[in-house]
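In this note's numbering, the protein residues as written are 1108 to 1573.
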């Protein structure tokens, strides 16, 4: 392991080698992303013809709860392995594995308690029977989805070691195999069950596949429970900041699901869930690429003491993200109605308008990458402040939109643009550090218009062809 650590240090100090690894990671991530999009499109086309919109609405609530619990208990094991200085010994990896399992057990227990609470609330008529929260299958689905966390907790952390070493080829292969197998199993379950349990069991099957592949595809030490006090002290010390940041991120990301789940009928909420999935395709791809290499890149950039050099290399890194985000936003704004008409049947026509509104938020993806600069410097306090700003914006905005104006359309606008205060704070802070150039922030904005023109052109071509 010492040899590996020295090798990583050598790679990270070699700028040409780092650049090659960045390009290789981007290429692999693009390939995997294309395959993921294809799998999602096939899955969506099939599932929306088998399952009703109400099922997707209830499942969105289920996934909201599990996501929030995962984030509120996020110890940052991956981040800790990627950024840990010095030797990465087998004992530390086993301690991380043990922490993952304990976290999974805790999440399962909380899911069971939540299920009992929601069931009791339904009996007390707290929820509108037409909403997703009033569906009688919701408590059982929440209890069952807790199994995802305890199963995935047994995955080997060796995958994170591969990411640390920038061996992205194997990581990409694992992602691709897992996505394809999970999609096939979920579709098969949908044909068989034709209810929400197809989606729940599909996710549990995905967790089993993830654990299996983590041992089959990544070479690492044999895992067994480890109770090293020193290791757990390190995990908890780092984790307390990451939990705070992750919890605030979860509160922000899932605010729309919580509020709109109450305010919308189950079918309308199902439309919203599908619209978010489509818009998130672009954001998911960019986040996947950034997650694989962002922390390592910013760690390397901070080694360069010159502000001008750091700023130049930072904006060079952002070109891919800004270009795709701007172009994708414009394309979805004009092509969404045609896209929905191609993929879904007439029951899902309302999805198009939601996509058009939500796609505006893609424009804010690029500036938010600067958050990783603070993570690389372990400045978790600044990250927490940024998360607080974003969380306060979306929660206050949604409450005003829904209960102040009674408008779900205004609520969708809030969801799309709630990152503006956070981005503003990032730009102000980054400019103070010498990292930000306002001219570079807006230089690719015309790509929104280019994307809109391309989307309009594709819609016209499709209309002419059909």
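Note that beta-carbon positions come from the ideal geometry of N, C-alpha and C, so glycine has one too.
Sequence-distant residues of the same chain with beta carbon closer than 6 Å to residue i, five excluded per side
i: residue 1153; result: 1294
i: residue 1471; result: 1526, 1530
i: residue 1116; result: Confidence at residue 1116 is low in this model, with a pLDDT of 40, below 50, so the placement of that residue is unreliable and no value is reported for it.
i: residue 1222; result: 1246, 1249, 1250
i: residue 1322; result: 1263
i: residue 1383; result: none
i: residue 1211; result: 1256, 1257, 1260
i: residue 1385; result: 1462
i: residue 1279; result: 1135, 1139
i: residue 1528; result: 1496, 1500
i: residue 1422; result: 1547
i: residue 1498; result: 1355, 1358, 1359
Expected contact under 8 Å - CB spacing of residue i and residue j to nearest Å
i: residue 1551; j: residue 1430; result: 6 Å
i: residue 1239; j: residue 1376; result: 5 Å
i: residue 1428; j: residue 1469; result: The Cβ separation is near 10 Å, so there is no contact.
i: residue 1555; j: residue 1437; result: 4 Å
i: residue 1171; j: residue 1370; result: Going by Cβ atoms, the distance from residue 1171 to residue 1370 rounds to 14 Å, so no, they are not a contact pair.
i: residue 1244; j: residue 1455; result: That belief does not hold up - the Cβ atoms of residue 1244 and residue 1455 are roughly 21 Å apart, past 8 Å.
i: residue 1252; j: residue 1173; result: 5 Å
i: residue 1363; j: residue 1216; result: That belief does not hold up - the Cβ atoms of residue 1363 and residue 1216 are roughly 27 Å apart, past 8 Å.
i: residue 1142; j: residue 1283; result: 5 Å
i: residue 1182; j: residue 1342; result: 6 Å
Inter-residue Cα distance where the pair is residue i and residue j
i: residue 1452; j: residue 1571; result: 20 Å
i: residue 1495; j: residue 1355; result: 6 Å
i: residue 1569; j: residue 1345; result: 52 Å
i: residue 1548; j: residue 1144; result: 28 Å
i: residue 1543; j: residue 1478; result: 12 Å
i: residue 1461; j: residue 1445; result: 13 Å
i: residue 1206; j: residue 1258; result: 13 Å
i: residue 1564; j: residue 1458; result: 21 Å
i: residue 1387; j: residue 1226; result: 31 Å
i: residue 1288; j: residue 1140; result: 15 Å
i: residue 1502; j: residue 1573; result: 43 Å
i: residue 1157; j: residue 1391; result: 26 Å
i: residue 1424; j: residue 1299; result: 46 Å
i: residue 1379; j: residue 1327; result: 41 Å
i: residue 1203; j: residue 1433; result: 38 Å
i: residue 1151; j: residue 1167; result: 14 Å
i: residue 1306; j: residue 1297; result: 7 Å
i: residue 1537; j: residue 1267; result: 29 Å
i: residue 1320; j: residue 1381; result: 28 Å
i: residue 1286; j: residue 1567; result: 33 Å
i: residue 1396; j: residue 1337; result: 33 Å
i: residue 1292; j: residue 1534; result: 44 Å
i: residue 1366; j: residue 1512; result: 14 Å
i: residue 1213; j: residue 1418; result: 43 Å
i: residue 1308; j: residue 1169; result: 12 Å
i: residue 1056; j: residue 1254; result: Nothing about residue 1056 can be reported from this structure: the residues present for the chain run from 1108 to 1573 only.
i: residue 1314; j: residue 1539; result: 43 Å
i: residue 1199; j: residue 1177; result: 22 Å
i: residue 1232; j: residue 1273; result: 53 Å
i: residue 1439; j: residue 1184; result: 36 Å
Close beta carbons around residue i, own chain, < 7 Å, minus the five adjacent residues each side
i: residue 1464; result: 1519, 1520, 1523
i: residue 1234; result: 1228, 1240, 1241
i: residue 1374; result: 1160, 1161, 1164
i: residue 1435; result: 1389, 1469, 1558
i: residue 1331; result: 1201
i: residue 1372; result: 1237, 1238
i: residue 1110; result: In this prediction, residue 1110 has a pLDDT of 33, which is less than 50 and means its spatial position is unreliable; nothing more can be read from the coordinates.
i: residue 1317; result: 1259, 1262, 1285
i: residue 1441; result: 1559, 1562, 1563, 1566
i: residue 1532; result: 1493, 1496
i: residue 1508; result: 1514, 1517, 1518, 1521
i: residue 1333; result: 1198, 1201, 1202, 1205
Residue i CB to nearest heavy atom of the ligand HEM below 7 Å
i: residue 1371; result: Although the ligand HEM was asked about, the structure shown includes no ligands whatsoever.
Same chain only: Cβ atoms within 8 Å of residue i, ignoring 5 sequence neighbours per side
i: residue 1108; result: Unreliable positioning characterises residue 1108 in this predicted model, as indicated by a pLDDT of 38, which lies under 50. The coordinate reading is nonetheless provided below. Counting only Cβ-Cβ distances below 8 Å, and skipping sequence neighbours, we find 1194, 1195, 1196, 1197.
i: residue 1121; result: With a pLDDT of only 45 at residue 1121, under 50, the local geometry of the prediction cannot be trusted, and no value is derived from it.
i: residue 1148; result: 1450
i: residue 1175; result: 1357, 1358, 1361
i: residue 1301; result: 1157, 1158
i: residue 1325; result: 1263, 1265, 1266, 1268, 1269, 1277, 1281
i: residue 1179; result: 1350, 1353, 1354, 1357
i: residue 1368; result: 1164, 1167, 1168, 1171, 1238, 1239, 1240, 1376
Cutoff 8 Å: residue i Cβ touching any chain B Cβ
i: residue 1374; result: In summary, chain B is missing from the structure at hand, where a single protein chain is found.
Subject >> Length-filtered (3 minimum) beta strand (DSSP E) runs lying within the region 1368-1402 >> reply: Runs of the beta strand (DSSP E) lying entirely within the region 1368-1402, each at least 3 residues long, are absent.
**OP:** Tell me the start and end of each unbroken alpha helix (DSSP H) in the region 1253-1301 that is at least 4 residues and wholly inside, in chain order.
**Re:** Taking 4 residues as the minimum length, the alpha helix (DSSP H) runs contained wholly in the region 1253-1301 are 1265-1271, 1275-1300, in order along the chain.
**OP:** Please specify which runs of the alpha helix (DSSP H), each continuous and at least 4 residues long, are wholly inside the region 1154-1228, giving them in chain order.
**Re:** Fully enclosed alpha helix (DSSP H) runs of 4 or longer: 1160-1179, 1184-1190.
Subject >> Those runs of the alpha helix (DSSP H) which lie wholly inside the region 1538-1562 and span at least 4 residues >> reply: Unbroken alpha helix (DSSP H) runs of no fewer than 4 residues, entirely contained in the region 1538-1562, are found at 1545-1549, following chain order.
Original post:
Which ranges would you report for the alpha helix (DSSP H) in the region 1456-1504 if only whole runs of at least 4 residues count?
Top reply: Correct list: 1458-1465, 1472-1475, 1478-1483.
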